[in-house]
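J.:
Numbering (our numbering), first residue to last: 713 to 878.
#1: Determine contact between the region 716-724 and the region 739-749, defined as no fewer than three beta-carbon pairs at a distance below 8 Å.
#2: Identify which residue in 757, 800 and 759 has its Cα closest to the Cα of residue 778.
#3: For the alpha helix (DSSP H) holding residue 813, just list the boundary residues, first then last.
#4: Between which two residues does the alpha helix (DSSP H) containing residue 794 stretch?
#5: In chain order, what residues of the same chain have a beta carbon less than 8 Å from the beta carbon of residue 831, not counting five sequence neighbours either side?
#6: Output the distance between the C-alpha atoms of residue 776 and residue 783, rounded to the nearest integer angstrom.
#7: State the Cα-Cα distance for the pair residue 797 and residue 774, rounded to the nearest angstrom.
#8: Have a look at the DSSP bridge pairing and note the partners of residue 754.
#9: In terms of residue numbering, what span does the alpha helix (DSSP H) encompassing residue 781 cover?
#10: To the nearest angstrom, report how far apart residue 752 and residue 739 are at their CA atoms.
#11: Going by the beta-carbon positions, is the gap between residue 780 and residue 759 smaller than 7 Å?
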């Protein structure tokens, strides 16, 4: 028989079921007890730390306003500025967006897409390995030279893009 130890005090013994590995054990002078009153994911042997429960103050991140084309340090303060609010109140600034939204329902989504869609155009431009990470973006306007809407609905607008190979 191999070496064995007789335990006199409470102990924990962890062994392999197939007895391929040597078991390990821990003998205690006092009986072990479970400490279940510690906070979750915290060590039960350390003192409880006090955590801040108050609301965290959001840091003011600088940014860029695409409406005003200006940089700002505090978004909440910038939105309250006179120029920004006046731009939002002017309905003429949103005519193109309104035009697109109002005519969006007339698009036939089951229609087969031509091979020169905008997404394919972007892929063709960026397929060269030297320019792999560059995305070509160009402005698209639905107005003619007099500032009037050139297309009556979104289908006309999309068809003109397909014809011109944009």
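Even glycine gets a Cβ: it sits at the ideal position worked out from N, Cα and C.
A quick note: this is a predicted structure, and the numbers were derived from the prediction, not measured.
T.: On the basis of the supplied data:
#1: yes
#2: 800
#3: 807-815
#4: Where residue 794 is concerned, the enclosing alpha helix (DSSP H) stretches over 794-801.
#5: Caution is warranted here: a pLDDT of 47 is assigned to residue 831, below 50, making its placement in the model unreliable, and no coordinate value can be reported.
#6: 4 Å
#7: 19 Å
#8: Answer by DSSP bridge pairing: none, since residue 754 is not bridged.
#9: No alpha helix (DSSP H) holds residue 781; DSSP gives it neither H nor E.
#10: 27 Å
#11: no
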